Amino acid sequence: MGQVLLLLVVALTVAAVVFGVTVLVTGRDPGLVPVEPDGRAVPLPASRPLRESDVGDVRFDTATRGYRMAQVDQALRRTAYDIGYKSELIGVLEAEVTALREGRAADADELRRTREQAAAAAEAADATPVGDPGEAASADADGRSTVSGDADEPATVGAGVDEPAPVGPVDEPAPVPARAADADAPETAPAGAGELADPAGGRGQTVRPEPA
């Protein structure tokens with residue numbers, strides 16, 4: 028019995044050696060893979076929709092008891108958000124197809140515009156770099172200069188419009204007290220004074236009542 032066990036152990040050892048030599052000769056052994064050091068976690072992207080490769084490339088830092096819980100929780104929340112977004116997008120597409128099949132073109136166009144606006148907003152968020160205060164300051168300066176340049180133009184136009192304002196005074200009937208003075212003038216003035224006409228005022232001759 029002991030010899031049988033000894034022969035079995037020798038056979039297994041020879042088989043293992045032959046297998047290892049065969050694997051090394053054929054080159055099917057990739058060798059040792061370098062281990063990623065701690066502190067180089069690969070989180071999920073937050074600026075675009077997730078892909079299958081993003082979930083496959085995610086890495087977490089190791090702690091005393093497995094991975095760091097904060098990183099795992101953040102990855103799960105990000106994945107849940109992306110799954111919800113895709114579910115809503117699928118619902119919008121299904122509603123759009125249903126509206127087209129039922130002949131509701133207006134509803135289908137409204138759903139299509141909503142979907143395109145959401146996609147455009149996502150593309151703009153991907154194309155815009157995050158945290159570049161220089162470009163934001165230059166954009167604000169350009170916006171202020173453009174607004175100030177446009178705001179100055181109506182001032183000159185308004186000045187041109189206000190030019191016709193100094194027209195002659197309209198209140199010509201102001202010398203009304205002079206007419207009252209003329210009415211009292213015949214009692215004290217000599218005869219014939221009332222027959223004079225005032226060409227400037229445009230008033231006619233003063234008519235006197237005949238004596239009884």
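Add 27 to a position in the sequence shown, counting from 1, and you land on the number used in our numbering. Beta carbons are placed, not taken as given, at the ideal position from N, Cα and C, and that holds for glycine. None of the values given here were measured: they were computed from a predicted structure.
| Query | Result |
| --- | --- |
| Contact the stretch 64-83 vs the stretch 100-115: 3+ CB pairs below 8 Å | yes |
| Terminal residues of the alpha helix (DSSP H) in which V31 lies | G29 to T53 |
| Straight-line Cα distance separating F87 from T125 | 43 Å |
| Span of the alpha helix (DSSP H) around D88 | That residue, D88, is in no alpha helix (DSSP H); it is neither H nor E in DSSP. |
| Span separating the alpha-carbon of M96 from that of A149 | 29 Å |
| Span separating the alpha-carbon of Y108 from that of V99 | 14 Å |
| L138 versus L59, V119, V82 and V48, residue with shortest Cα-Cα distance | V119 |
| L127: CB within 6 Å of a non-hydrogen atom of the ligand COA | Within the structure as shown, the ligand COA is missing, as the structure has no ligands at all. |
| Burial state of V123, where buried means 16 or more other Cβ atoms lie within 10 Å | In the sequence as displayed, the identity of residue 123 is Glu instead of Val. Buried, by the Cβ-count rule. |
| Beta carbon of A38 nearer than 7 Å to that of L71 | no |
| L127 to R55 span [Cα, whole Å] | 56 Å |
| Reduced DSSP secondary structure (H/G/I, E/B, other) of V60 | coil |
| Every unbroken alpha helix (DSSP H) within the stretch 66-130, with a cutoff of 4 residues, ordered by chain | 79-84 and 96-128 |
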